[in-house]
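Trainee: First residue of the sequence shown? That's 43 in our numbering, and the numbers climb one at a time after it.
We put the CB at the ideal spot given by N, CA and C, even for glycine.
I have a structure here, written as structure tokens, and I will follow up with some questions on it.
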Amino acid sequence: MADFIIRADHYIKEGMLEQWLDLARVDAREAVKEPGCKRFDILVERGSTTHAMLFEVYDSEADWHEHMRQPYVKAFMDAAAEMTADRARSEFDMAYEGGT
């Protein structure tokens, strides 16, 4: 089965990026401890102080749903809501994974 990938774009209110990143890092550190989470990266668009992206790779969609049920995810979503102007999520299946 192909990996299940989430790309979550977060548009952060001006002046709140560092606070948002602190929250996102807690979520990411906990997520990678989950058995179904293969990768959880936080990216910031070059030159931007308002656009961040979460890139998450799970063994399956069910593993992502399990991730979303974790208390630290709820804590992140609740706290980050006040800092976030908008967000968008896309779901992907791995078509080809390049090696190292």
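Can we say the stretch 61 to 68 touches the stretch 101 to 109, given the rule of at least three CB pairs closer than 8 angstroms?
Mentor: no
Trainee: Y114 bridges to which residues according to DSSP?
Mentor: For Y114, which the question treats as bridged, DSSP gives no partner whatsoever.
Trainee: V99 and R81: beta carbons closer than 7 angstroms?
Mentor: Yes, Cβ-Cβ distance for V99 and R81 is below 7 angstroms.
Trainee: List the whole-angstrom C-beta distance separating E72 from Q112, where the pair is believed to meet the contact cut-off of C-beta under 8 angstroms.
Mentor: 7 angstroms
Trainee: Taking buried to mean at least 16 other C-beta atoms within 10 Å of its own C-beta, is A94 buried or exposed?
Mentor: buried
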